[in-house]
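Here the structure comes first, spelled out in structure tokens, and everything after it is commentary.
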Amino acid sequence: LFFHRLFSSDQLSKLYNNLGAFYHHLDNQKSVEYLTEAARLYTSVYGENHISLQYPYLNIGSAQFNLGEYRKSIENYLKGMEIVKVHYGQKSLPYAQFIINLGNSFLGLGQYDSARYYLREALEISTNQGGENNYRVADICMILGKLEFEDNQPKLGLAYHSKAIDIYHQST
Numbered sequence: 011l012f013f014h015r016l017f018s019s020d021q022l023s024k025l026y027n028n029l030g031a032f033y034h035h036l037d038n039q040k041s042v043e044y045l046t047e048a049a050r051l052y053t054s055v056y057g058e059n060h061i062s063l064q065y066p067y068l069n070i071g072s073a074q075f076n077l078g079e080y081r082k083s084i085e086n087y088l089k090g091m092e093i094v095k096v097h098y099g100q101k102s103l104p105y106a107q108f109i110i111n112l113g114n115s116f117l118g119l120g121q122y123d124s125a126r127y128y129l130r131e132a133l134e135i136s137t138n139q140g141g142e143n144n145y146r147v148a149d150i151c152m153i154l155g156k157l158e159f160e161d162n163q164p165k166l167g168l169a170y171h172s173k174a175i176d177i178y179h180q181s182t
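The number in the working numbering is simply the position in the sequence shown, starting from 1, with 10 added.
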């Protein structure tokens, strides 16, 4: 009976996670509801620090970001980031994905110093893991360019955007 319950809860949590991910493109509020249930189910089956929780937390944070709920997105990104840090380390690409999203959320709040801190850390990790000319580095440069323009640093913003364009051209 225990294995049946475990299997059913695990499958159900995956279903809720997938539904939440699908709704991300249709209805972000509904996405948050499904993903929150997925996180609850994963936690009930595996505990609070299981690696499977990284996906609902990343997706909940993304849906909240799209809803303009930047503080809530930060909370969920931090939860997922701690789990990823334990399982993969602070220099891993999954960790970098969480800090890119954190940087974006702080940018949404207009907290440029915090956004810059996380985005530069993500840039360092992504460069070290994948080289200077990969799409992730280009994406981070685009975000940093936007940040610098918003923070009245247009020359720096232009430099980041130019670097991103150069990377995109080299990879095509």
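Ideal Cβ positions, reconstructed from N, Cα and C, are used throughout, including at glycine.
Terminal residues of the alpha helix (DSSP H) in which residue i lies
i      : result
Glu158 : 145-160
Gln64  : 64-76
Gln180 : 164-181
Leu36  : Leu36 -> no alpha helix (DSSP H), and no H or E assigned at all.
Cβ neighbours of residue i in the same chain (closer than 7 Å, five flanking residues each side left out)
i      : result
Tyr145 : Ser181
Ala48  : Ser23, Tyr26, Asn27, Gly30, Pro66
Phe159 : Gly167
Asn38  : Ala73, Asn76, Leu77
Thr46  : Ile70
Ser115 : Phe75, Tyr80, Ser83, Ile84, Tyr87
Asp161 : Tyr122
Nonlocal neighbours in the same chain, by C-beta distance under 8 Å from residue i, ignoring five residues either side
i      : result
Tyr105 : Met91, Val94, Lys95, Tyr98, Gly99, Ile135
Same chain, Cβ closer than 6 Å to residue i, neighbours up to 5 away in sequence not counted
i      : result
Met152 : Ala174
Gly113 : Ala125, Tyr128, Leu129
Inset, instruction - Pair every Cβ in the region 61-69 with every Cβ in the region 84-94, then say whether three or more of these pairs are closer than 8 Å. - result: Cβ pair count under 8 Å is three or more, so yes.
Inset, instruction - For the region 117-125 and the region 90-108, state whether three or more C-beta atom pairs, one from each stretch, are separated by less than 8 Å. - result: Verdict: no, contact absent.
Legend entry - Those runs of the beta strand (DSSP E) which lie wholly inside the region 87-127 and span at least 3 residues: Listed in chain order, there is nothing to give.
Legend entry - Three or more C-beta pairs below 8 Å linking the region 104-112 and the region 120-134: Touching, per the Cβ criterion.
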